[in-house]
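J.: Following the UniProt record's numbering, the numbering of the sequence shown begins with 1 at its first residue and continues without gaps. A virtual CB, placed ideally from N, CA and C, is assigned to each residue, including glycine. The model shown is predicted, which means the values in this text are computed figures rather than measured ones. A single structure is presented below for examination.
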Amino acid sequence: MEVTFQFDWSAAFGSIPHLLPGIPWTLLISFGGLAIGFFIGIFFGLLRISPLRWLRWPAIVYVEVFRGTPILVQVLFIFYGLPQLLGSPINALVAGIAAIAVNSGAYISEIVRGGVQSIERGQSEASLSLGLSRTQAFRYVIWPQAFRRMIPALGNQGIISIKDTSLFSVIGVGELVRQGQIYIATTFTALEVYFMVALMYLAITWTLSILLRQLERRGLAGQ
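Here it is in structure tokens:
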């Protein structure tokens, strides 16, 4: 028996009002986590290039652990595992932001390390010869140049983190995928709904890509 299926565009467009409430949650989790992860990444990235081994090793362990394990496992551990250790429950939104923060922080730390180490040693030596302290040389000479070189990689990490939020439906966070699952449970239009979910993620990441390209051009123009 031949089975035919026709894509229902009315069901796809009809799902949009039900999916839209998930966008603020998706953006809050991703950008909130990335903001925290950026500072975590700077901290551990600078530790990774420290001449002191006892400072480098904690950073190495942190990076390897959180880059070497799936973010889904990390958010499940935070949401279900940590409450057993702490003796109190953790809000799903907090767990999602924390997972993005520690996961992106591990990747950003490597971006920071690579960006700083990409600056020629002569830049630092020239700054010191002009009377700047090492801290001043890093702040005013090394870091601005390194940060401009980090922008493309930081943008890619931002896009990855936005897409990673789709996994957090497993802990009940009301992001896009979770909103889609709730709507599908009553309409049984999985193909159409997930198609719209994919388009919404694409719209978010595409918009971010355009903004990042503009920022990158401005950064290059300022060199």
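(1) Taking only three categories from DSSP, how would you classify L52?
(2) Ends of the alpha helix (DSSP H) at P152?
(3) Touch check for the region 17-37 and the region 68-85: three-plus C-beta pairs under 8 Å?
(4) Output needed for I60: all residues of its chain with C-beta closer than 6 Å, excluding positions within five of it in sequence on either side, in chain order.
(5) Looking only at its own chain, which residues have a Cβ that is under 6 Å from the Cβ of G189, when we skip the five neighbours before and after it?
(6) Go ahead and pull the three-state DSSP assignment for E125.
(7) Given a cut-off of 8 Å on the beta-carbon distance, is the pair A99 and I78 in contact?
(8) Would you check if the distance between the CB atom of L176 and the CB atom of L52 is smaller than 8 Å?
(9) What's the gap between the Cα of G45 and the Cα of E110?
(10) Name the residue from A95, G105 and P24 whose alpha carbon lies nearest to the alpha carbon of I42.
(11) Can you tell which of G131, V173, P144 and T165 has the C-alpha that lies nearest to the C-alpha of N91?
(12) To the nearest angstrom, how far is the alpha carbon of G96 from that of T165?
(13) For Q173, which three-state DSSP category applies?
(14) For Y140, collect the residues of the same chain with a Cβ closer than 8 Å to its Cβ; drop the 5 residues on either side in sequence, then sort them by chain order.
(15) In this structure, does DSSP put L211 in helix, strand or coil?
(16) If I159 and S209 are in contact, beta carbons under 8 Å, what's the gap, nearest whole angstrom?
(17) On a CA-only basis, which of L215, L76, V116 and A137 is nearest S124? Give me that one, please.
(18) Relative to the alpha-carbon of F13, which residue among Q214, M200 and E216 has its alpha-carbon at the smallest distance?
(19) Have a look at S50, Y107 and Q6 and flag the residue whose alpha-carbon is nearest the alpha-carbon of I36.
(20) In the DSSP assignment, the alpha helix (DSSP H) including Q117 goes from what residue to what residue?
T.: Checking against the coordinates, here is how it stands:
(1) Counting from one through the sequence shown, the residue named residue 52 turns up at place 52. Residue state, collapsed to three classes: coil.
(2) Translated into the one-based positions of the sequence shown, residue 152 becomes position 152. Segment W143 to D164, the alpha helix (DSSP H) holding P152.
(3) Here the region 17-37 does not lie against the region 68-85, with fewer than 3 beta-carbon pairs under 8 Å apart.
(4) Here residue 60 refers to the residue found at position 60 when the sequence shown is read from its first residue. Excluding sequence positions up to five before and after I60, its CB lies less than 6 Å from no other CB in the same chain.
(5) Position 189 of the sequence shown, counted from the first residue, corresponds to residue 189. This sequence places Thr at residue 189; Gly is not what is there. If we look at T189 and ignore the five residues flanking it on each side, its Cβ neighbours are A11.
(6) What you label residue 125 is simply residue 125 of the sequence shown in a count that begins at 1. Looking at E125 - three-state DSSP - the assignment turns out to be helix.
(7) Here residue 99 is taken as the residue at index 99 of the sequence shown, counted from 1. Here residue 78 is taken as the residue at index 78 of the sequence shown, counted from 1. Closer than 8 Å, so yes.
(8) For the purposes of this step, residue 176 is identified with residue 176 of the sequence shown, where counting begins at 1. For the purposes of this step, residue 52 is identified with residue 52 of the sequence shown, where counting begins at 1. Taking 8 Å as the Cβ cut-off, L176 and L52 do not qualify as a contacting pair.
(9) Residue mapping note: residue 45 aligns to position 45 of the sequence shown, counting from 1. Residue mapping note: residue 110 aligns to position 110 of the sequence shown, counting from 1. Distance from the CA of G45 to the CA of E110, rounded to the nearest whole angstrom, comes to 6 Å.
(10) Residue 42 sits at position 42 when you count from the first residue of the sequence shown. Here the closest residue by C-alpha is G105.
(11) In the sequence shown, the residue the question calls residue 91 occupies position 91. When each option's Cα is compared against that of N91, the closest is V173.
(12) Residue mapping note: residue 96 aligns to position 96 of the sequence shown, counting from 1. Residue mapping note: residue 165 aligns to position 165 of the sequence shown, counting from 1. Approximately 8 Å, taken between the alpha carbons.
(13) Here residue 173 refers to the residue found at position 173 when the sequence shown is read from its first residue. Just to set this straight, residue 173 is Val in the shown sequence, not Gln. In the three-state scheme derived from DSSP, where H, G and I count as helix and E and B as strand, V173 is classed as coil.
(14) Reading the sequence shown from its first residue, position 140 is the one you call residue 140. Take Y140, set aside five residues on each side of it, and the residues of its chain with a beta-carbon closer than 8 Å to its own are S127 and L132, in chain order.
(15) If you number the sequence shown from 1, residue 211 lands on position 211. When DSSP states are grouped into helix, strand and coil, L211 belongs to the helix group.
(16) Locating residue 159 in the sequence shown gives position 159, where the first residue counts as 1. Locating residue 209 in the sequence shown gives position 209, where the first residue counts as 1. Between I159 and S209 a beta carbon distance of about 7 Å is seen, short of the 8 Å cut, so the two are scored as contacting.
(17) To locate residue 124, count along the sequence shown from 1; it is residue 124. Of the candidates L215, L76, V116 and A137, the one whose C-alpha sits nearest the C-alpha of S124 is A137.
(18) Within the sequence shown, the letter at position 13 stands for residue 13. Taking only the C-alpha atoms, the option nearest F13 is M200.
(19) Here residue 36 is taken as the residue at index 36 of the sequence shown, counted from 1. When only C-alpha atoms are compared, the closest one is Y107.
(20) In the sequence shown, residue 117 corresponds to position 117, counting from 1. Per DSSP, Q117 belongs to the alpha helix (DSSP H) from A92 to Q117.
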